[in-house]
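Numbering (UniProt numbering), first residue to last: 1 to 567.
Printed below as a string of structure tokens:
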């Protein structure tokens, strides 16, 4: 719909700023200096000033939008196309390989067969783009006019999050976690890292920079298990994380810096956002694989001409006109997930020869083969041994385990309030195992006598302390036994196993976005020369933001829409 802005034409037509505002923070290039030539706020300081309603410079009524991938990044792109681009919702189509939307943000199952969540979300107050979107998405349990954000605040303002057992050791004893345990040399190393230029950190790992005393400190136990960093991951990404969460440092020890949802990630975020978009008229096409894009490249730029898709084993193409736009989620952190249960293991061994062969990575590889502006996906999907970890979801009836859990809980686990307040890390676990119990019920229809617990491990390739096998080769019952051993209740394993359903997931690429990288390895949100293509998700380049957060997915979606539509 073309808006009547005639009374502003004189301003809009003569403004050097119109349509050129930099929405992407980049503290490394912008100098905080106010002059008559710099009247806009600095991108790092936008805040609520960017709550203005954007005026599109043209009508997009005849434009179609195809969004490849139904995760949070793609869903967010649809939202911004509608709200800020004024693109008619019925012109937007999602193309999703799976049978359900949400991508990596899943949540499914039942009390009989067991619930499953491959991961969870540690949320922060400062996720500007995320909360910008969810303040407009209708609440799931509150009536109109309340939003998901309103609901979120209601829960967390009245039930603040914190932990009383962040670290445990010696078979279940709470470890003193009141100190970071950093010596002066390691403190100085952090300060120096914060001051280093990003360009100096290409392809450098964390363990190449920090000392062994740093890697053995409480601080690193807090940091690495909270964000899932391995010692061999990117030092650059670690630096960006330190900048991004500097305000949260004093709340890291007890997780008082975090806000958690009432329910799991799918029911809290994905479901209400999908319902909002569908009611607007957005179309979702499931069980459809996009294998490639036909892109015309010349001196004038790069233009997507068609999508190569596979439906029910038949290959066809979807034509793209000069008025249309394409959004693609590159890569996938949960691609090729392998599943296990109480009596089976997800994988017998890690096979690096299969790295990056699945559909989500092939699409990116096909793009990268067309031009270097599309990045180098092999840097992220080429080493499963370094990018994988395993998680388990426990569906628990009352047992010795649920009784032990009460010792580590802020409130009674069945009270509906904060339970562990975040992950509890077992510092002397060979697997470096952590577990958490969020507010219960974790699923809206979960029975009152059931608890849902999430477990994960960073050193899952090592032998366990109790079960002498690597974690991926273990059955769910063996993982449960290892956990019971570390809680000092190994004499009651039979009771715990009898009352617990275990569903395990081996995730080959779950930390692939953390792999060491250099300039050019990740494509820009709108790669150089692209006229109608935007790339979103965890494997695209932003100036200062981090990866592995919902905020980064939403930010890339917003940036893609704004740049493509020149908002």
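Every residue gets a Cβ at the ideal spot worked out from N, C-alpha and C, and that includes glycine. This structure is a prediction, so every number in the text was calculated from the model and none was measured.
Exposure of residue i, with buried meaning 16 or more beta-carbon neighbours within 10 Å
i           : result
residue 297 : exposed
residue 99  : exposed
residue 511 : buried
residue 311 : exposed
residue 145 : exposed
residue 408 : buried
residue 247 : exposed
residue 57  : exposed
residue 413 : buried
residue 478 : buried
residue 92  : buried
residue 96  : buried
residue 276 : buried
Cβ neighbours of residue i in the same chain (closer than 6 Å, five flanking residues each side left out)
i           : result
residue 426 : 168, 433, 486
residue 520 : none
residue 336 : 358, 508
residue 399 : 495, 496, 499
residue 364 : 330, 331, 377
residue 116 : 108, 109, 393, 503
Nearest residue (CA-CA) to residue i, options the options
i           : options            : result
residue 451 : 271, 196, 507, 394 : 394
residue 121 : 258, 492, 408, 312 : 258
residue 444 : 235, 261, 198, 557 : 261
residue 516 : 177, 382, 565      : 382
residue 559 : 506, 74, 492       : 74
residue 130 : 51, 183, 91, 178   : 51
residue 480 : 503, 249, 442      : 503
residue 269 : 136, 405, 398, 160 : 136
residue 201 : 518, 454, 551      : 518
residue 583 : 93, 525, 319       : Residue 583 cannot be examined here, being either before or after the span of the chain that is shown, 1 to 567.
residue 65  : 442, 81, 58        : 81
residue 396 : 318, 442, 128      : 442
residue 527 : 414, 330, 251      : 330
residue 59  : 250, 280, 324      : 324
residue 299 : 114, 531, 412, 472 : 531
residue 288 : 307, 280, 301, 276 : 307
residue 473 : 172, 340, 333      : 340
residue 326 : 353, 290, 361      : 290
residue 292 : 322, 551, 277, 328 : 328
Residues that DSSP places opposite residue i in a beta bridge
i           : result
residue 435 : 424, 455
residue 95  : 68, 285
residue 304 : 295
residue 169 : 173
residue 108 : 116
residue 190 : Residue 190 pairs with nothing; no bridge assigned.
residue 329 : 536
residue 147 : 138
Collapsed DSSP secondary structure at residue i in the structure displayed
i           : result
residue 42  : In this prediction, residue 42 scores a pLDDT of 45, lower than 50, which makes its location untrustworthy; no coordinate-derived value is stated.
residue 232 : coil
residue 501 : strand
residue 314 : strand
residue 338 : strand
residue 272 : helix
residue 139 : coil
residue 390 : strand
residue 533 : strand
residue 238 : helix
residue 550 : helix
residue 375 : coil
residue 471 : helix
residue 86  : coil
residue 155 : helix
residue 559 : helix
residue 380 : helix
residue 181 : coil
Own chain residues within Cβ distance below 7 Å of residue i, not counting five before or after
i           : result
residue 238 : 206, 229
residue 274 : 75, 101
residue 419 : 409, 410, 411, 413, 437, 438, 439, 440
Nonlocal neighbours in the same chain, by C-beta distance under 8 Å from residue i, ignoring five residues either side
i           : result
residue 242 : 190, 193, 194
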